[in-house]
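*Asks:* Starting off with a structure, shown below.
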Amino acid sequence: MRIKRTHNCGELRASDIGNTVSLAGWVQGRRDHGGLIFIDLRDRAGITQIAFSEDSSIAAHKLAESVRTEFVLAVTGKVFKRPEGTDNPSLPTGAVEVYISDLEILNTSKTPPFPLEDDTDASEALRLKYRYLDLRRPALQKVLLTRSKISQTVRNFLESEGFTEVETPVLTKSTPEGARDYLVPSRVNLGKFFALPQSPQLFKQILMIAGFDRYYQIVKCFRDEDLRADRQPEFTQIDIELSFEDEDTIMTIMERMMAKVFKEIKGIELALPFQRLPYAEAVGRYGVDKPDTRFGLELKDLTDYTLDWEFEVFKNTTASGGIIKGI
Numbered sequence: 004m005r006i007k008r009t010h011n012c013g014e015l016r017a018s019d020i021g022n023t024v025s026l027a028g029w030v031q032g033r034r035d036h037g038g039l040i041f042i043d044l045r046d047r048a049g050i051t052q053i054a055f056s057e058d059s060s061i062a063a064h065k066l067a068e069s070v071r072t073e074f075v076l077a078v079t080g081k082v083f084k085r086p087e088g089t090d091n092p093s094l095p096t097g098a099v100e101v102y103i104s105d106l107e108i109l110n111t112s113k114t115p116p117f118p119l120e121d122d123t124d125a126s127e128a129l130r131l132k133y134r135y136l137d138l139r140r141p142a143l144q145k146v147l148l149t150r151s152k153i154s155q156t157v158r159n160f161l162e163s164e165g166f167t168e169v170e171t172p173v174l175t176k177s178t179p180e181g182a183r184d185y186l187v188p189s190r191v192n193l194g195k196f197f198a199l200p201q202s203p204q205l206f207k208q209i210l211m212i213a214g215f216d217r218y219y220q221i222v223k224c225f226r227d228e229d230l231r232a233d234r235q236p237e238f239t240q241i242d243i244e245l246s247f248e249d250e251d252t253i254m255t256i257m258e259r260m261m262a263k264v265f266k267e268i269k270g271i272e273l274a275l276p277f278q279r280l281p282y283a284e285a286v287g288r289y290g291v292d293k294p295d296t297r298f299g300l301e302l303k304d305l306t307d308y309t310l311d312w313e314f315e316v317f318k319n320t321t322a323s324g325g326i327i328k329g330i
């Protein structure tokens, strides 16, 4: 690679007009107007419009005629203000364009099997087959970048609260935690197996006994169980353990951590403390210990109203000490 980039594709602004810059990225789109070729160059930071004209470079313009979607380019050129009426306010870089004097094609590309856009209608099976292409779509890149920011925010918060991050072993012994273990055969000890941890439960208890006081880890867990709506066999959790604390302290720390994440990632201010429901009240009002309080139809105790009713099922229920509830 001859050209070393000086900026990413989401960085250039009107203040860069007149500067010579180098960019690298993928071709999002291409428009050929004969003597002028426009290309939208994309990297994870955004898109910059670059232009090729014979006035800027005959060689670069000639080479750009062969460029197609998803080619990988490195370019050098001068930043110009876009002509009046051609700016794109929907792009952070929409006020400028770069006229290219030097072009290097780092890699060519076949026509992608589906459009690399957020609103693609390609099947999931096709997108998973070409996962490296699917991950170029801005929506998926945003998910992974957001997750990275969340992890960093969580780490910064917990470190400020006196927690120590400790990485615990993955090859370990089986622990009884409700699901089947994934087993890994040992080459050194024939007939023996390691178990992948369902959680770091034993290790964090060891750390507390050893006096580490506050431990956390963003950790992989493995459970050979049927799929759930919010869990797959291999999943990640924020694992935390504290010594010498009560439930209220732990819940308060978790609330403040969630408030920090929402403020840093989404700019949303969460009101603290969160609403807390005792177990008996949650089950009594919603019929479950993890209720969605947005659901307005709560359970109401109708026992006193049904004492005189002639329904056999009601009489048998109240006679055996049961209660009658309705929505």
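Mind the numbering: the sequence shown is residues 4 to 330 in this note's numbering, read in order.
Ideal Cβ placement from N, Cα and C applies to all residues, glycine included.
Nothing here was measured: the structure is a model prediction, and the numbers come from that model.
#1: Terminal residues of the continuous alpha helix (DSSP H) containing ILE212?
#2: Would you please state the rounded distance, in angstroms, between the beta carbons of GLU100 and ALA54? I believe it to be under 8 Å.
#3: Under a Cβ-count criterion, where at least 16 other Cβ atoms within 10 Å of its own Cβ denotes burial, should GLY80 be classed as buried or exposed?
#4: Taking only three categories from DSSP, how would you classify GLU258?
#5: Using DSSP bridges, identify the partner residues of LEU186.
#6: Contact between the stretch 193-200 and the stretch 272-281 is defined here as three or more beta-carbon pairs at a separation below 8 Å; is this criterion met?
#7: Can you grab the Cα-Cα spacing for the pair SER18 / LYS263, in whole Å?
#8: If I follow the unbroken beta strand (DSSP E) through PHE83, where does it start and stop?
#9: Should LEU136 and GLN144 be called a contact, given that it needs their Cβ atoms to be closer than 8 Å?
#10: Helix, strand or coil for GLN278, going by three-state DSSP, please let me know.
#11: If we ignore side chains and look at the alpha-carbon of each, how far apart do LEU106 and VAL82 end up?
#12: If I measure Cβ to Cβ from LEU205 and keep anything under 7 Å in the same chain, skipping five residues before and after, which residues do I get?
#13: Between PHE41 and LYS269, what straight-line distance do the alpha-carbon atoms span, to the nearest angstrom?
#14: Excluding the 5 residues preceding and the 5 following GLY87 in the sequence, name in chain order all residues of the same chain whose CB lies nearer than 6 Å to its CB.
#15: Take GLU161 as the anchor and find which of MET260, MET211, PRO92, THR252 has the nearest alpha-carbon.
#16: For LEU52, which residues of its own chain have a beta-carbon under 7 Å away from its beta-carbon, when the five flanking residues on both sides are left out?
#17: If you draw a straight line from the C-alpha of THR156 to the C-alpha of ASP242, how long is it?
#18: Looking only at C-alpha atoms, which of ILE103, LEU129, SER163, GLY181 sits nearest to THR23?
#19: Rounded C-beta distance between VAL75 and TRP29? I'm assuming under 8 Å.
#20: One question on the structure: do LEU305 and TYR289 come within less than 8 Å of each other, judged by their Cβ atoms?
#21: In whole angstroms, what is the alpha-carbon distance linking ASP307 and ASP233?
#22: Looking at the secondary structure, which residues open and close the alpha helix (DSSP H) in which ASP162 lies?
*Replies:* Taking the geometry as given:
#1: Counting along the chain, the alpha helix (DSSP H) containing ILE212 begins and ends at 204-213.
#2: So it is a contact: roughly 5 Å between Cβ atoms.
#3: By the 10 Å Cβ count, GLY80 comes out buried.
#4: Note: GLU258 maps to helix in three-state DSSP.
#5: Paired residues: ALA198.
#6: At 8 Å Cβ cutoff, the stretches do not touch.
#7: Their Cα atoms are separated by approximately 33 Å.
#8: For PHE83, the uninterrupted beta strand (DSSP E) run begins and ends at 75-84, by DSSP.
#9: Note that the C-beta distance between LEU136 and GLN144 is not below 8 Å.
#10: The answer is coil: DSSP assigns GLN278 none of H, G, I, E or B.
#11: Approximately 15 Å between the Cα atoms of the pair.
#12: The residues are THR178.
#13: Our two residues, PHE41 and LYS269, have alpha carbons roughly 34 Å apart in a direct line.
#14: Reading off the sequence, residue 87 comes out as Glu, not Gly. If you ignore the 5 residues before and after GLU87, its C-beta comes within less than 6 Å of no other C-beta in its own chain.
#15: The question names Glu, but residue 161 in the sequence shown is Leu. Considering only alpha carbons, the answer is MET260.
#16: Going by the sequence as given, residue 52 is Gln instead of Leu. The residues are PHE41, ASP43, GLU100.
#17: Roughly 15 Å separates the two Cα atoms.
#18: For THR23, the closest C-alpha among the options ILE103, LEU129, SER163, GLY181 is that of ILE103.
#19: A Cβ-Cβ distance of about 6 Å is found for the pair VAL75 and TRP29, placing them in contact under the 8 Å criterion.
#20: Taking 8 Å as the cut-off, the beta carbon of LEU305 is found no closer than this to the beta carbon of TYR289.
#21: If I take the Cα positions, the gap works out to 40 Å.
#22: The sequence given here has Glu at residue 162, not Asp. Taken as a continuous stretch (DSSP letters only), the alpha helix (DSSP H) holding GLU162 covers 141-163.
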